[in-house]
Amino acid sequence: MEHPPSEHSHAPHPDTAHHVDQHVKGYLAVGAVLGLCTLLTVGLSFVNFGTQNANIIVAMVVATFKAGLVAAIFMHLKSEKWTIYRFLLITLVFAIGLFALTALAFSNPIRLN
Amino acid sequence: MEIPYTVSARPDTGLYNAKVGIWLFLASEVMLFGGLFSAYVFLRVGALPGYWPHGFLNVPVGTFNTLILIGSSVTVVLAWAALKMRQFMRYKFYMAITILCGILFLTIKLTYEWPAKFHHFGAFIKKDSLAKYEPYLGNNYLAAKGLTQRVEITGDLENEDALKDDSITEYDIRMDAVNADPTNPESDRPTFWQRPVSDKVAKVDKADVEYASMFYPRHSAFFSTYFLITGLHGLHVLGGIIVFTYFWLPVGANLYKKNPEHLANRIEVVGLFWHFVDLVWIFVFPLFYLL
Amino acid sequence: METSTTIHSHDPHEPHGHGAHEEHHELGFWKKWVFSTDHKMIGIQYGVTGLCFLFFGFCLMAMMRWQLANPGVALPFFGPLLARIIKNDGMNSGGVPGVMTPDFYNSLGAMHGTIMVFLGIVPVAFAAFGNFVVPLQIGAPDMTFPKINMASFHSFWVGGVIMLLSFFSPTGPAKSGWTSYPPLSDLADPGGGLLTGQTLWILGMVFLITSSLLGAVNFVTTIIQLRAPGMTYMRMPFFCWVQLVTAFILLLAFPPLEAASLMQLMDRVFGTSFFLPHGQTLSNHLVNVSGGGSPLLWQHLFWFLAHPEVYVLILPGLGIIAEVVTNNTRRPLWGYKAAVGAVIGIGFLSFIVWAHHMYLTGMGAAVSTFFQTTTILISVPSVIILTCLLLSLWGGSIRFTVPMLFATAFLPEFGIGGLTGIPLAFNSTDLYLHDTYYIIAHFHYIVAPGTIFAIFAGVYYWYPKATGRMLNEFWGKVHFWGSVIPMNIIFFPMFLQGMAGMHRRGFDGGRTYDLNKPVIHFNTTILHAVWMLGLFQIPFIINFFWSIKFGKKIGNNPWNSTTIEWAAPSPPGHGNFLEPVACYRGPYEYSVPGHPVDFIPQCDPQGPRTDAGAHGH
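Protein chains in written order, with the working numbering: chain A, 9 to 121; chain B, -14 to 276; chain C, 141 to 757.
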């Protein structure tokens, strides 16, 4: 059942306020790292790593790292519940399936010989 | 009976309802942008040589916008943290910055980036006519260097009437630096700062043109994809701004007085949406602006 | 705070709560009937609206069957009427009122499919029954997000109205199939702008997709978060399991189609070329677009949704049948665990079979083999579920109530539909059967004498809960026999037509090709059966509305069922249950050995604490 309205207090929520306070510094640090990574991405884009594919991979690695930080720290995924992890795992599988199987279809056309 | 677990967590899942709901919604958004990014990949990989451009988008502006969005992600999580610690004025401060960052992002996009595109022109040259415009395309030089051919002449269209009037038989294009000086090694790759439009004007016969237009979505697969993805992303930014503003107004204060944890949860949930929007941009920026 | 205007305030049976904070005030007309946030009202709204669309889709099909049996002949009575309101001479071919043009025939086909799938079956089987029954079956007071629930319904009917309005478009409604393949869908009705039927189709789809996504989020969250104490996942009625999986499918499969729809919208309205390649021509002229797009890209993104969508069409039906069968055989569901595993398996596999709709697009051996394999694999869990349902009949004390009649007919019909899908799974046999009437027969057997019969079973079964009155049993049986016989006369011959090689979507009923000669006569038989089928829906429609006021009144549990929705009053009030409920046993504790009564309700605190399948199998 729901907590009756009288339970809410203007005091910090007992369980998490303390942890939240410690995390504030972490959020600022991650923000700084993300900013630096952005500049890194731009800088690296002007370096030639050989092939166009290599350039793309480098950029995507940095982008994935940034996205990982946002997801893990800002979106609290690092300490989320298994229900949420399950949703995201299923989604990831299907997103990869959509892309990979379509890529397979495009790269495997029928041959006349 | 009231609906349980709107604020407090259900014991076995450890989650309150809105958190389950928003993550499910974000899962569907992953599939939505996943579908769009898949389209991007297949259209780009399937593009004929020279038809997928580079260097048309403004990198410094894009970088700035990326930093703005990242900053707003930081401020929104600080706003949520302030609510958890019951520091209401701090919440209002950080939320205001978040909203302003979002507005700034959209303003830059809608008043500068997109209009700049709409005023730029490009003409795709027919395959058989490429040799004729070699002075503006430099394909011999590119072939010798093993680089992809150029098939387009871009710049400012001097005679805009040519777009509507069929009796005008040529486009007068004040060319971009890359077409004005195609064999200069500086033109081989995009540069960080956009090079200004040159003084040289090319007269391009309409008969030699496969397709020409301003840089509208219809101009090419690249611009179609660019405008669709950044447009849809922009709509999501707008949605986030609207909801944040709603909670910044006295509605938020009233909810805070009744049940501060409820407001904290709502901000957390919208914040998750906002982070996702930031996440999408983290991929959009390199894929369109840099690569 | 509004004071209560009713006499409920001191009623000892009122749900305990916050007393004066309870909403016992009477809702006004708009809040009660139009802008309701109550899952039961929303379920009924979806149900009635969806049934109306089903009937409209039926009428479109009847017009098509007339044309196929009597090509070039004016549609009697309705034809000349329609000739006046349908633009573009759609029903006024060659100036003869009531005669259909080929373009309009195509439109009828496209709209029949779209309306039946997205405005008929999904809203009724998934949204209507799901909204009404699921919260009651899990013992919840409502869905987790009532306002979003309301938004989902309103998004649905707006999408529906847009689809209907497209019939009045100057260029006619969408005419590129429910599959909307480019280049035709990109280029149809050129120069018409936003109000062309083809463009309105896309706009309508955007609203419908939004509605489904909002609903899906609600269903999953509700089932995860609001199960009553003691209701573990493996104690949930099978109906709730199928709704959970169906909601997940909708959630994850629809967005790529939304993406593709936005691309097609841009192609049509902004002249982009997402789906148009270089060198695209129309009537021998180069189309003035940039090119660089891919028609196959649309097909992949469309079928990524549309294949899971067909499981969305059947799974809720399977759930309804499971409820009706267990209740009317007085036995638990045979193999509950296997059935649950199978539903989850179907949910997962449904996402990786889609390109079996694209065997004729020039895919190579590797990709075709992959999709053939997964497609054959998915037949396994489907057969498992059907087997569980069939075996549930064994040794049962079967009561042939009207719901049970429909459920019993469902089983072999779904079997026929499913088994005829096997040759379609292999690209070699599909090469011959693709785009023939065999396909139409295959999928219609699953949705028409399949899901629609399940819907009818569900209506007869849950109508008493929703209204407090029974539907008339005699007319229910008339409705049943008058539906099951024509259904088979309509669809079985289509297998024969398809195997003879008759193509679908043919305006002339197959007369262009000599190979169709031996099977053309079936068109006439089918038309007669269509009239019969339509005729026998009339007693159902009358019964439906008449019984609201004059049906036999019943109490909470007229069917002596075990699931929790039957513990609530008929109809349930705000908050559903008079007291908080808890779950003490499995969902189908029927005929428990040694127990004096042949059923033990799930939420009854008295009685043994057992689980489904704990005894017997």
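Cβ coordinates follow ideal geometry from the N, Cα and C atoms, glycine included. Keep in mind it's a predicted model, so treat the numbers as computed, not measured.
Identity of the residues DSSP links to residue i by a beta bridge
i: K188(B); result: D157(B)
i: H497(C); result: BP columns for H497(C) are empty, so no partner.
i: T576(C); result: H643(C)
i: Y196(B); result: F109(B)
i: H425(C); result: L422(C)
i: G337(C); result: P313(C)
i: N716(C); result: G713(C)
i: S730(C); result: It is worth fixing the name first, because residue 730(C) is Tyr in this sequence and not Ser. Per DSSP, F739(C).
i: P117(A); result: M503(C)
i: D141(B); result: R159(B)
i: L283(B); result: Nothing in the structure corresponds to residue 283(B), since chain B is present only between -14 and 276.
i: K693(C); result: R609(C)
Through-space distance from residue j to residue i, alpha-carbon basis
i: D744(C); j: Y231(B); result: 45 Å
i: H714(C); j: M181(C); result: 10 Å
i: P633(C); j: I586(C); result: 15 Å
i: W534(C); j: I704(C); result: 25 Å
i: D217(C); j: L304(C); result: The sequence shown places Phe at residue 217(C), not Asp. The straight-line gap from Cα to Cα measures roughly 21 Å.
i: G299(C); j: P263(C); result: 12 Å
i: L240(B); j: M80(B); result: 16 Å
i: D173(B); j: G(-1)(B); result: 56 Å
i: I214(B); j: G51(A); result: 24 Å
i: L194(C); j: A111(A); result: 38 Å
i: T509(C); j: Y499(C); result: 10 Å
i: T92(B); j: E98(B); result: 9 Å
i: L217(B); j: L453(C); result: 30 Å
i: E103(B); j: R203(B); result: Residue 103(B) is actually Phe in this sequence, not Glu. Approximately 11 Å, taken between the alpha carbons.
i: P552(C); j: S320(C); result: 32 Å
i: G641(C); j: T569(C); result: 12 Å
Contact belief for residue i with residue j at Cβ below 8 Å, rounded distance in angstroms
i: G431(C); j: Q420(C); result: 6 Å
i: F662(C); j: Q637(C); result: 6 Å
i: A250(C); j: P456(C); result: Not quite, the Cβ-Cβ distance comes to about 24 Å (not below 8 Å), so this is no contact.
i: V360(C); j: L85(B); result: Contact flag wrong, Cβ pair sits at about 35 Å.
i: D738(C); j: R375(C); result: Their Cβ separation, rounded to whole angstroms, is 20 Å, which puts D738(C) and R375(C) out of contact at 8 Å.
i: R749(C); j: Y724(C); result: 5 Å
i: D161(B); j: S183(B); result: 7 Å
i: V32(A); j: L68(B); result: That pair is no contact at about 12 Å.
Any C-beta of chain B under 9 Å from that of residue i
i: D282(C); result: yes
i: I118(A); result: no
i: F95(A); result: yes
i: G43(A); result: yes
i: G58(A); result: no
i: E705(C); result: no
C-beta neighbour in chain C for residue i, strict 9 Å
i: T(-9)(B); result: yes
i: R(-5)(B); result: yes
i: T133(B); result: no
i: H105(B); result: no
i: G123(B); result: no
Own chain residues within Cβ distance below 6 Å of residue i, not counting five before or after
i: H156(C); result: Note that H156(C) has pLDDT 40, beneath the 50 cutoff, so the model's placement of it is unreliable and no number is given.
i: G40(B); result: P175
i: F444(C); result: P396 and W494
Sequence-distant residues of the same chain with beta carbon closer than 8 Å to residue i, five excluded per side
i: G225(B); result: G87, V255, F258, W259 and V262
i: T607(C); result: S687, I688, G691, S710 and P711
i: T(-9)(B); result: Y1, N2, A3 and H247
i: T576(C); result: Q637, G638, M639, G641, M642, H643 and R644
Any C-beta of chain A under 9 Å from that of residue i
i: A92(C); result: What the structure shows of chain C is the stretch from 141 to 757, and residue 92(C) is not part of that stretch, so it cannot be assessed.
i: L63(B); result: yes
i: D263(B); result: yes
i: S23(B); result: yes
i: F511(C); result: yes
Nonlocal neighbours in the same chain, by C-beta distance under 7 Å from residue i, ignoring five residues either side
i: Y121(B); result: I138, M160, N164, P167 and A187
i: H161(C); result: Residue confidence is low: H161(C) scores 42 on pLDDT, short of 50, so the model does not pin down where it sits. Its coordinate-derived value is still stated next. Same-chain partners within the cutoff: there are none.
- Message: To be precise: take each residue of the region 29 to 57 of chain B, compare its Cβ to all Cβ atoms of chain F, and keep it if any distance is under 8 Å. Which residues remain?
- Response: No chain F appears in the structure shown, which is made up of the protein chains A, B and C.
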